[in-house]
Structure formats: C-alpha cells, structure tokens
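Worksheet: the structure to be examined is printed underneath.
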Amino acid sequence: MPDPEEHGPAGADDGRAASPEEPAAPEHDDTGLDVARSISRQLRATGPGAAARRRPRRRDRPGGVQVSGSGPDGRDPQLIGQALESLLARQGWTTEVNLHLLLGRWAALVGAVNAEHSRPEGYADGVVAVRADSTAWATSLRTMAPQLVARLNEQLGQGTVTRIEVKGPDAPSWKHGRRSIRGARGPRDTYG
1 MPDPEEHGPA
11 GADDGRAASP
21 EEPAAPEHDD
31 TGLDVARSIS
41 RQLRATGPGA
51 AARRRPRRRD
61 RPGGVQVSGS
71 GPDGRDPQLI
81 GQALESLLAR
91 QGWTTEVNLH
101 LLLGRWAALV
111 GAVNAEHSRP
121 EGYADGVVAV
131 RADSTAWATS
141 LRTMAPQLVA
151 RLNEQLGQGT
161 VTRIEVKGPD
171 APSWKHGRRS
181 IRGARGPRDT
191 YG
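Using UniProt numbering, count along the sequence shown one by one with no gaps and you end on 192.
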C-alpha cells in the first residue's frame, strides 16, 4: 500500500510528478494586457505592413446577379421629362402627342391669316383633317397642303402625315325647333 505522505493528499496523484525545474503557468491578467501583447508579438513576427496588404476577397454572387451600390440605376428618381418620354414610348403615344403639340401651334405652321380662317380637327391613319371657314379658304389650304405635309413630316418623322384633308364650312342647319315638315326641301322651299 502506498504511503499517503509520499504522494500528497488522496486523489492528488495525476500520474506525473511535479518537477521543480518546470516553470509554473503564468497567471491570467484580468486587464487583457496579455492578449494584447500576444497579438502585438504575432503582428511583429509577420513583418511591417503585412496586415495592410491583406484585402478581403470580393465574392461574386451566383448567377452573375449584380446588386446596385451608390451608382445610378433604374430605381433612382428620374427627371419628369425623361419619365414622360419613356412612358410615351412604352405606350406608343409619341407620334400622336407630338402631332397634337404641333397642331397646337397651327398659326406658326400655316401663317396667322390662314390660321384665323381654319382649324385642325383631328388625325387618324396619317391623315390630318382641317376645317376651313369658307370654300375660298379651303381652296387656299388645299394648294398649301403638300408644303404642310412636308413640314409636318420634317418635324415628326417621314411618313407620319401622308395627306391633309381640307373640309369646307359646315352647311347651316335649316331645322329650327322641335318640329319639321316632312318632305320639305330646306332652303329651296324658303327662297322660292
């Protein structure tokens, strides 16, 4: 039976004998200076500037998906003019809106005198409809029609306007009131 005095208290035998030459483990510093010193030693061992040369590797997203950063992209606020242009282009309204803007400046297209006696009424399938105050003004506009078509196509793009249809004045209505006479022949009955 072993002698308890030789090995110390019971249960203290861990299989190795303590040697006086082995230095005792340093005690832990609660202030954290020991950790800071070990990090400092490791950095000095790698050389000056070694930590500054390391850069984090940029990871590419799978599938090549790019995420916007601080640069401009389609989700940024747009100027109102650009937003309207893209809306008109998407809806296919560009030609019609531009035509109506030009027809709004009818006096600049046909001249002030002609504009006083005519007005554009509409646009459909490349044909601009114009109403004149009298047959004389309608004839005047018909003679100008090829130049007007050329000027409109110059500003809107070739082939936008194919023809200008000039209509004379509307005939006055001879119906007055709620009742009319069946078989009446309008002004011919009135004037003899």
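Heads up, the beta-carbon is just placed ideally off N, CA and C, and yes, glycines get one too.
Beta-ladder partner(s) of residue i, from DSSP
i: S118; result: A132
i: R163; result: V127
Nearest neighbour of residue i, chosen from the options [CA to CA]
i: A145; options: V110, G122, D30 and D125; result: V110
i: L156; options: T95, R37 and H176; result: T95
i: T139; options: Q158, A124, E154 and I164; result: I164
CB of residue i within 9 Å of CB of residue j, strictly
i: V166; j: A115; result: no
i: V113; j: E121; result: no
i: V127; j: L103; result: no
i: L141; j: L148; result: yes
i: G168; j: S134; result: yes
i: Y123; j: L99; result: yes
i: P70; j: Q78; result: In the sequence on display, residue 70 carries Ser and not Pro. No, the Cβ-Cβ distance between S70 and Q78 is not below 9 Å.
Exposed unless 16 or more other CB atoms sit within 10 angstroms - verdict on residue i
i: R178; result: exposed
i: residue 194; result: In this structure the chain extends from 1 to 192, so residue 194 is not present and cannot be described.
i: I181; result: exposed
i: I39; result: exposed
i: I80; result: exposed
i: V97; result: exposed
i: V161; result: buried
i: S118; result: buried
i: H176; result: exposed
Residue i CB to nearest heavy atom of the ligand FMN below 8 Å
i: R131; result: Although the ligand FMN was asked about, the structure shown includes no ligands whatsoever.
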